[in-house]
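Protein chains in written order, with the numbering used here: chain P, 1 to 256; chain E, 257 to 616.
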């Protein structure tokens, strides 16, 4: 379970620019949560703050992962603690072999759990199994990490990484953006396969189309750096129909 | 016409270059120091077709359709090269230097593997029309080499060259002249760990419409290794194209430079050129010089160039760390991958495997 309590966060290089403002939310274990909100509301910042990105300063509040404050944990420690971020724009890393990268990431997790690291020979059967689960062609094993991948291939590679690393909490930041209908369906199938009573999934999205394929347990609306509404799947349908204006006016007044 | 006897100068007596067209300012010729490089056994990756020493070619087994001429008439070639004032070209044209010509008459079914062991001399490679050929050039230089390579590619042909410096502990100068005819393509990839002084110069001419050339180069330098690239690429006709990607990782006290010029002649309309030089400077004592240049004498072309010198990309490090890798691991991957990208683009399986093994 991830509890975010009264978080305020700003850019490290400009603390006057507060992006998250007294934001509180709880993501219960076993649930799929959707976070929606207008552009510039702080959705991606929330993701990066939870992940421990050094460009952001948390000036107050707490982030508790299974009851433990992770403020002092760095990026990689949060990852081996079981936190996974699926990026909106996965970074291309030229020259780094995809399979080797996955093995190193998997071994980092094993090392954190005092388990022996796997050789490539021992890792490959597991990797092949996971690739089959996300319907990914094995040709991508020998490709350079995300380098030259299409938008859909990058997103599918993110889902593959999630399957390999098996995080307890996955935050997928606009994982549906830039996908065609078939790619969206495959990614959604992957998410549905991954959901379980032991895992928490947070979908950050602008569109109902992903939520048509992955039914969320809860929907939250983030605007101006804080959560302004929470509800069930019907909230997303209402937003799809009428937009954010009414909700913003209701929360922030006519100037909102 | 230049007389070879006029060049009867011994290797050691050649004075410091006073080239009009080349810029040697970044090359530290006075302070070359011995460079210790790990022994690399390339023999398990490739079987040589021939060995090149002092411009003489000792043949093991040439691929089918490749013939050899040991005494070509090189005056025409030499006169053109010598007029560029290029130091390496002069060196490789001294009277005591040997010269050999290889002719590739038709498509080869196996790569031509040239094991270059040093000395000074020239190798001319004449590729005829409608030929597909693959060449692997292994610079296995134990002492010193100054070698001219002339590659002439006739229309409708495609030649790939994978070049690897497997041992360059002392001095290695190469001077390449590449001439590409219409509807022909040359792809030249190279990888080097540098040496006391490694310098690769390439003069490329795209002679007729739809001639294309790709140059990719990777240097991975440690200790006090030096490695330098010098490129002059001339678009002589309309609708010609080139792509250049030169990447270097410079660590410790290493020294590197890129001096590249794309020249588009008047009338070379609808031509395209991309030139990129990217460098990672990993220590304060490493030195990186970059001089990308465009000379455009016509309109209606697409030409861009760029240069970067910096540290490993922060976004790449963040991405890798977000998957649990430590900062040290992430840096190692990003730095290793920086030049490995060039090795991955090698055209032949053997060349690619060899280049990746060299980079470790």
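Where is the CB? At the ideal position from N, CA and C, for every residue including glycine.
The beta carbons of residue 457 (chain E) and residue 430 (chain E) sit closer together than 9 Å. Contact annotation: residue 145 (chain P) and residue 92 (chain P) have beta-carbon atoms nearer than 9 Å. Residue contact check for residue 228 (chain P) against chain E: no CB pair falls below 9 Å. Residues of the segment 94-121 of chain P that bring their beta carbon within less than 9 Å of a beta carbon in chain E comprise 94, 95, 96, 97, 100, 101, 102, 104, 105, 106, 107, 108, 109, 111 and 112, in sequence order. At least one CB of chain E lies nearer than 9 Å to the CB of residue 161 (chain P).
In this structure, the CA atom of residue 130 (chain P) is about 6 Å from the CA atom of residue 164 (chain P). The three-state secondary structure of residue 288 (chain E), taken from DSSP, is coil.
The C-beta of residue 594 (chain E) comes closer than 9 Å to at least one C-beta of chain P.
Close CB contacts of residue 432 (chain E) within its chain, under the 6 Å cut and outside five residues either way in sequence, are with 405 and 458 (chain order). Take residue 471 (chain E), set aside five residues on each side of it, and the residues of its chain with a beta-carbon closer than 7 Å to its own are 444, 458, 487 and 500, in chain order. The alpha-carbon separation between residue 602 (chain E) and residue 153 (chain P) amounts to approximately 24 Å.
Residue burial annotation: residue 292 (chain E) is exposed, with fewer than 16 other C-beta atoms found within 10 angstroms of its C-beta. For residue 110 (chain P), the three-state secondary structure derived from DSSP is helix. By the C-beta criterion, the segment 111-118 of chain P is judged not to be in contact with the segment 590-610 of chain E, since fewer than 3 inter-stretch pairs fall below 8 Å. The beta carbon of residue 54 (chain P) falls within 9 Å of a beta carbon belonging to chain E, placing the residue at that interface. For residue 62 (chain P), the uninterrupted beta strand (DSSP E) run begins and ends at 56-65, by DSSP.
Spanning the alpha carbons of residue 369 (chain E) and residue 305 (chain E) requires a straight line of approximately 5 Å. Taking 9 Å as the cut-off, the Cβ atoms of residue 493 (chain E) and residue 514 (chain E) do not count as close. Interface criterion met: the Cβ of residue 165 (chain P) is under 9 Å from a Cβ in chain E. Residue pairing by DSSP places residue 473 (chain E) opposite E:446 and E:502 in a beta bridge. Annotation for residue 400 (chain E): 374, 426 and 427 place their beta carbon closer than 7 Å to its own, counting only its chain and skipping 5 residues before and after.
For residue 28 (chain P), same chain residues with a beta-carbon under 6 Å away, outside a window of 5 residues either side, are 1 in chain order.
Taking a C-beta distance under 9 Å as the contact criterion, residue 20 (chain P) and residue 7 (chain P) qualify as a contact pair. Using a C-beta cut-off of 8 Å, the segment 573-590 of chain E makes no contact with the segment 540-553 of chain E, since fewer than three inter-stretch Cβ pairs fall below that distance.
The Cβ of residue 14 (chain P) sits no closer than 9 Å to any Cβ of chain E. Residue 167 (chain P) and residue 79 (chain P) have their alpha carbons spaced roughly 8 Å apart. Taking 9 Å as the cut-off, the beta carbon of residue 467 (chain E) is found closer than this to the beta carbon of residue 497 (chain E).
In the structure shown, the three-state DSSP call for residue 145 (chain P) is coil. Between residue 377 (chain E) and residue 421 (chain E), the gap from beta carbon to beta carbon reaches 9 Å or more.
Residue 314 (chain E) sits exposed, since fewer than 16 C-beta atoms from the chains shown fall within 10 Å of its C-beta.
Here DSSP, grouped into helix, strand and coil, assigns residue 153 (chain P) to helix.
For residue 120 (chain P), the enclosing alpha helix (DSSP H) begins and ends at 120-133.
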